[in-house]
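Shown next, in structure tokens, is the structure this report addresses.
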Amino acid sequence: MNPLIINIVYMMLSAALLFAFIRLTRGPSLADRVVALELIASIVVGYVGVYAISTGVSSMLDVAIVIALTAFLAAIGFARFLERGGRRDE
Amino acid sequence: MIGFFWNVMLALAWVALSGTFSAMNLLAGFIFGYFVLLVMQIKVPSLNGYARRIPQVIRFVLFFIKELIKANFRVAYDVATPVWYMKPGVIGVPLEAKTDVEIMFLTSVISLTPGTLSLDVSDDKRMLFIHAMFLQDEDELRRDLKELERRILEIMR
Amino acid sequence: MKMKSNTVILHTAALFIMPLQLMFSIFLLLRGHDEPGGGFIAGLVAASAFVLYAFSFGAESTRKLLRVAPRDLLAAGLLFGLASTIPSLLSGQPALTAHWWEVPLPGDGYLKLSTPLIFDIGVYLAVLGTIMIFVVGLMESDE
Amino acid sequence: MSEIIVAIMLLGGASFMLLAAIGILRLPDLPTRMHASTKAGAMGAMFTMAGVAIYFGDGVVVARAIAIIIFILITAPIAAHVIGRAGYFMGTPLWEGTVKDELRDQYDEETHKLYSGFEPGPESMIPPDNGGGKRKD
Amino acid sequence: MESLMAYVIGILFAAAIYMMLRRSIVKMVIGLILLSNAANLLIFAVSGMKRGAPPLIPEGASAPLGPVADPLPQALILTAIVIAFGVLAFAVVLIRRAYEIVGTDDLDQMKDTDT
Amino acid sequence: MLLAVLSGFLLAAFAPLLTRMAGKSIGWLLAVLPASLTVYFASFIPQIQGGDALLIEYTWMPGLDISLNFLLDGLSLVFALLISGIGTFILIYAGSYLKGHPNLNRFYVIMLCFMASMLGLVLSDNLITLFVFWELTSITSYMLIGFNHEDMDARKCALQGLFVTVAGGLALMAGLILLAVMTGSYSLHEILNSSEALGSHGLYTAALICILAGTFTKSAQTPFHFWLPNAMAAPTPVSAYLHSATMVKAGVYLMARLNPAMSDGELWGQVLMLFGGATMLVGAYFAFSSTGIKKVLAYSTVMALGTLTLLIGVGTELAMTAFVCFLVAHSLYKGALFMIAGALDHETGTKDITRMGGLRHKMPMTALFGCLAALSLAGLPPLFGFIAKELLFEAVLEAPFWSTAATLAAVVSAMLVVGVAGLVAVKPFFGKPGNTPKDPHDAPLGMLAGPAVLSVIALLFGLLPFIPQNAVLLAAMQAVYGQPIDTYLSLWHGINLPLMLSGVSLLAGIGLLTLWPRLQPGLYAVNTAASRFGPEAGYFKVMEGITHIASWQTRVLQNGVLGMYLLIMVAITFGLTGYTLITRYGLHLSLQLGDSHFYEWGIALLLVVSAVFASSTHSRLGSVASMGVLGFAVALTFILFSAPDLGITQLLVETLTVILLVLVLFKLPEFVNLSSPFERYRDLTVAVFAGVVMVLVVLATLDIQYFESISSYYIENSAPLAYGRNIVNVILVDYRALDTLGEIFVLSLAALGVLSMLKLKAEDQHKP
Amino acid sequence: MSSAVVYPILLPLLAGALSLALWRSVRWQRTLGVVFNAALLWASIWLLQEVMEHGFVTMEMGSWPAPFSIVLVADVLAAIMVVLTGIIGLAIAIYSLVSTPRGHEKFGYYPLMHLLLAGVAGSFLTGDIFNLFVWFEVMLLASFALLTLGGERAQMEGAIKYVTLNLFSSAIFLTAVGLLYGMVGTLNMADIAQKVAQVEDPGMLTVVAMLFMVSFGIKAAAFPLFFWLPASYHTPQVAVSALFAGLLTKVGVYALFRMFTLIFTQDVDYTHTILLWAASLTMLTGVLGAAAQFEFRRILSFHIISQIGYMMLGLALYTPLALIGGVFYIMHHIIVKTNLFLVSGITYRLLGSYELKDLGGVYKHKPWLAILFLIPALSLAGIPPLSGFFAKFIVIRAGIEAEAYVVTGIALLVGLLTLYSMIKIWAEVFWKKLPEHVTNTARLEGRIKDKHNWAFYVPVVGLAVCTLIIGLNGQPIYELAEKAATQLLNPQLYIDAVLGGQQP
Ligand code: NA
Ligand code: NA
């Protein structure tokens, strides 16, 4: 794969990661942070895909499967926190 | 019948995951799927008539991808430009869908499309509340949603 | 301030996702010796499946689904782990020496059975049992 | 040829992700951010996986990539729904530009009941199609 | 990358220790998580980091085709991660129970058992 | 011989049983043992007479040079005879004195143990065995002093005695080891027979100080004398006796025993004379100025111990002769007097001399033996005490140095002792009848047998001194002196300087005695003042000091503040590591980061910012979410650097961690800033310091790889031998399966802990 | 290879798993507790015999050759430690039959106890540095759970400190293992030792040695890292306290012995000097801490620290005799300290308190118990001819012979203060008259006779007999310690035993 493309993609993903993290730090509500966290999980899937292509190691895809299947649980956990009386603006 | 269907599905999922297309592997998947279903049997919802709907499914998928891209560009445009074009709000949409699976499927598809987000279903399952980003033309939105629901119910029923 | 936690959407979705996760976990367990996976990872995935279920349907319902106490899963896991030492000790070898058996299956296949696999199953059960104890226990203590 | 498609897929995926990230950073309130992030993020991941599937072209990898896409399609909306719902009901403030809120009035904070508006009798407070309006807070 | 990681690890250690020194037990637990991550990354870094060569053997081969990353530290870290998780689970339940019983999360108010 | 020494312990084990069986006559029954021991030891007299020493060998712990060898020569035989002989009467006496006491059985147990320990002490040839018995005497004496343990004073006095003697004992242990290091042997007879000049050895002074610290405390030399009179406050004169006649002589015994080896340095003699002389005077003075009969006797014991020490210090042939005679004389009359004192207290119901008087009518036999013993104490002819005193004067007059001072001290103390003897013998038995709580009669046979025999022996020895001399005393003198001695004991030496000194001191003593009632208030005032500044006050200061330092230290160190604990630990950990790094390795900063791709920089940045945010945010769940990001970043690191299994595990664990945290957190309060800005900056400084050290350590480690990793073995053999292609998993379940086995048990333990914390409610617990 | 080396680990693991499986039947768990701990003792004695016969017993787990496998190694020291584990385990198992509250039994006391022993035995027997970490964690988690079992306030407060500080220690341990692996590329301790010995410029090894020292120092409760111990050891139920007191800190000491005789001997002047001062201050601060306490178990807890100092002193002096002393001290202390805690449990049972001010009169009513206290208490204080005397004597003699006079002086002073504390307990609990405010005296006065009191006394008597045997018949024990020390001072023996002739 063309290293230029790979690098551009990496750069975009890195920027996305950074933006998402900024939202996570800013909040203001817990739900905002959780949304940011979910997005970061998605971006990690992107990383894994690009990485698999750039190195030719397909076994890394299993990581993406795991993220796809389980990462959303964190969101459900946070939601439960809110629903059971946790403070929303944390 | 339904159990058998799910069992085959799971066996196929197994084959897909393991990437080894062999009779043995399918059998293994079938056995493991059987055990999983054994665990799940209390809650497995009713499903029927799957096989007939393959063409409908393909048509739906294409429709969905089109909607997805269209909506994504709309959101992208608004995000990328400095002034907010959006008019967000929460609206209630009456549901045709009756069963839990239908509702789940519909709400998921709605949520997946940028610009609309399923918030909750009323306790009597007759009204779906969604958050929509672009309420400039609420009626058109409602029409689009109805169309989506129709197509979904078509393949589900 | 509390609110009603479950919805029809999450319930139904959980019933779709959970079997996928469980399948995936078994898959990860069995091929862990050759590809990424193994008892830990598989056990964690399986636990995630049950966590999802627990978050959707509550702790009590999860217990019913599991049928055995998480504690017993854990005990079974530990005993499996220890059982994998038995063949080596019986044959006078150092403990945990791997033993492999090829069980012929109808057709041209062989089922490769081994003490490392038994061991990995033990790990799987132990991890699952442990996390179930954590999560179900914590949820029950809230309710 | 496939190289180009892969490149497009990768760049497209990355663009969606970046869009999601910019959206989440820029948009003014929780639901609007979610419109950008949950979906675009999922889209990005799916595009990337499509790229992976094409790049490797190998049955195993394709199967896995498809599995990933399916899993994302199933789980992403659930997560979005759960968070959005929780965020909404916990009273996360909506953007001041929000034009209407038909849910607020159907929700009874005492009993935690959510009405459809189709209920017979006094339970129904406001008919769905003609009510709405902005939330007070 | 390893040299870069050295700095990252140092910062993680510092953050972990700062958090562990807080009086709030919740912060302390977060400090513990940070610390275990730092230790794991340290093992990873000092035993050499290799790009794109996971310690897997292709099907049918008897050995990896080229040089691969050192599998041993990976196994160690995996063990350490799982142990840290168990410990963490215990710790969070402990602080919760402690809070229920003692009624504060201020560590400075938990000195009855000393002296 | 071993049996003889240990028989006391054996009998002690059966004493409670025997007490129950024998009833009233238990004293007589138990006394059979020391009586037979006396006979047994006496049977060695012919072998020892000529100055020979018998070595009876038993092994114990040869690896540590500890043996159960017994050395029987004149000195140890004299002591053995005194211990078992007097012990016989003590056991009999106790049977009467403590008749009907509920804990008589416990008393006999301790007493027999004590006696056996004393025997072991004086007979041991091995320094460590000797020390073993030495410590046993301390402990048993503690039990005896505190016999009336429900009385707080008794407990305090017991502790005082124990603390002082054990403190000295520990020094003694060091001293004995030093001695062994100097001489190369732990065996007394080897040390005594070795020709090495210890006095010039580099460790001599240290050894001497340590050993004397032990002997001085044990033998109540000034300034450690205070515990002894307090020990006399012990409930029974029986136990008090032990502290007078035998146990405290353990120190004297050891000094005498080591004299031949240690006396070739000048320091030995000087120190002993100095402390001995001072002790003699102090003892004599306080004996004279006290009122309680046991106090009087106790201080006179202190005086005697001082005298004995002084004599060892003088070190001449004559001094050794005097030493042995004085030792025997003192044991005889002091034993008798204590038993008399007990009898008086038993019969009259009081211990205060001032309330007694004219008892010779009601207690004639008691009076007779009491007076005999007192005459010996006063050093009047024809009692053995007289011979001893004359020899004392002779010895100090001929002392190689400080002769005048020593003589003066001896005379003064002799004078005071006459007064003391008068107090003990004259005051209770003569003069006007006192007003006592009980109507006194002569003591019963059990209580009179001892005083009778001992005082008669004192008389006999005075009249016929050649008998004891030839039997053992000469041999004992030689043992102490280390060389053959040619001397001849006699009652009458003609009119010489010592005799005149005796006369002077006798007259002065009588004068003092008559003045006593008038002097008493003044003396009392002096004593009260002295007690505020004396060594005993020092002891209390030390004890207070210990408690004070202890509680101060605990307040400072174990202050209950977890943050402080951690701060100290962190500071130690990284301070030590950093210091070692700089001093042992040096600073090698490598700043080459150029080999990283920019997206790796991105991940590194994410790691850093998520960690920093997690630890700086005020939002709890913000922190938790940030930890989630950190988890993703760590997972990404693993993924990008070829660790898929790790990446997956990290992701799963991170998700579950977040779930656990949120499950728990909403029960907990939000983040509040509890610490002050100062504390925060302090902690931050320490944390940054730790971080810097870790950076340096990791950088240094990256530069070093002494050896190739052993992993190539795993990589090569996974597929062919372990039938697995995922090498990490093969390591986990096969190569290093034991780790994994342990790990699932760790998990199960965490689960069990959680289970009990969540489920075990307080009310379930205390049910039996 | 002899399989003797694996059973002391497998048996308690199996017992733990079975007890967990038999969760619902407390009766079965009790039976398993005694049976398996008896088996453990038997297995450990078997191991010791094998070791005495062959010098070393090793097992390459999974049949992979060393250094690639995890090797279990029993040298004399390890075998001794395992035997002590067996003795303490059996004593505790019996004592627990009566002392454990019902709720604790129902919520995993027995599995936790077994697994704690497994962790301890594993730590003693493993010849692999990372595996040591794993066993440490097993032990640690078991102790966490045991410490919190019961969930009382004091337990929670104590546990938070215990957990935090020990986790810090674990993290440092893990870090050190990582760094060491990064430098020498191996985990097998024999292999590490062999490779470390070839390094010419070992500066960084010393740095890593410091991390190990701190980590194990925390586990061992050395100055100034001991804070977690006095904060927690008196909080759980007494059998747990006793188990901790006897075994846990000694694992830290053992690890120090192992690392600083086998591996980190490249800079003895530096490392062992640090150890020496740490040892001295540990002795001193521990004993002073005890002097300030007025609660039975707190006094005992602080004394653990001070005694740890003696053991470390043995290591720090690093002469043959000193090491013998250290090993002897460990043997003596494990038995004696456990016993003292068990006795404190009996007085607690009699009078319902651990506070000295609420205790008294025990000597009057229960003289035999008083003797059972005196034996370990005087032994702890180093009074001859009990075990503690010889332990102290060896260490002090070694100190004097090594011309470390100041340190030896401190050791002697500490001995005195130890006696002071023991006597304080004796005077307050046993001699003193029962305070008037104590009214619940029926048990003390024997008016309530509990059914299974024998289970309280059997272990106490047994351990007291051990104390007496070590003291009165010290020669075999000394020879054992000497053998252990000889092996410790000749790491090549260990290396050869583990790696055989084949060197990679
Ligand atoms: Na816009
Ligand atoms: Na949507």
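Protein chains in written order, with my numbering: chain A, 6 to 95; chain B, -2 to 154; chain C, 77 to 219; chain D, 363 to 499; chain E, 2 to 116; chain F, 9 to 776; chain G, 163 to 666.
By construction, the Cβ of each residue, glycine as well, lies at the ideal position given by its N, Cα and C atoms.
Three-way DSSP call (helix, strand, coil) for residue i in this model
i              : result
residue 309(F) : helix
residue 526(G) : helix
residue 152(G) : The structure shown has nothing for residue 152(G), since chain G only spans 163 to 666.
residue 524(F) : helix
residue 603(F) : coil
residue 310(G) : helix
residue 141(B) : helix
residue 682(F) : coil
residue 190(C) : strand
Bridge partner(s) assigned by DSSP for residue i
i              : result
residue 91(B)  : 124(B)
residue 131(B) : 84(B)
residue 457(G) : 517(G)
residue 221(G) : 234(G)
residue 832(F) : The question about residue 832(F) has no answer, for chain F in this structure spans 9 to 776.
residue 734(F) : 57(E)
residue 475(D) : 470(D)
Per-residue contacts from residue i into chain C (C-beta, under 8 angstroms)
i              : result
residue 222(G) : 170
Chain-order list of residues whose beta-carbon lies under 7 angstroms from that of residue i (same chain, five-residue window excluded)
i              : result
residue 293(F) : 424
Residue interval of the beta strand (DSSP E) (run including residue i)
i              : result
residue 177(C) : 176 to 180
residue 115(B) : 113 to 118
Neighbourhood of residue i by C-beta distance below 6 angstroms, restricted to the same chain and skipping five residues each side
i              : result
residue 97(E)  : none
residue 31(E)  : 20
residue 119(C) : 200, 203 and 204
Listed by chain order, chain E residues near residue i by CB distance under 9 angstroms
i              : result
residue 397(G) : 114
N-terminal and C-terminal residue of the alpha helix (DSSP H) that residue i is part of
i              : result
residue 190(G) : 188 to 216
residue 353(G) : 351 to 360
residue 193(F) : Element bounds for residue 193(F): n/a, residue is neither H nor E.
Closer than 9 angstroms at the beta carbon, the chain A residues around residue i
i              : result
residue 154(C) : Chain A residues near residue 154(C): none, gap ~25 angstroms exceeds 9 angstroms.
Proximal residues of chain D, C-beta to C-beta of residue i below 9 angstroms
i             : result
residue 62(A) : Under the 9 angstroms cutoff, chain D gives no residues; its nearest Cβ is about 10 angstroms from residue 62(A).
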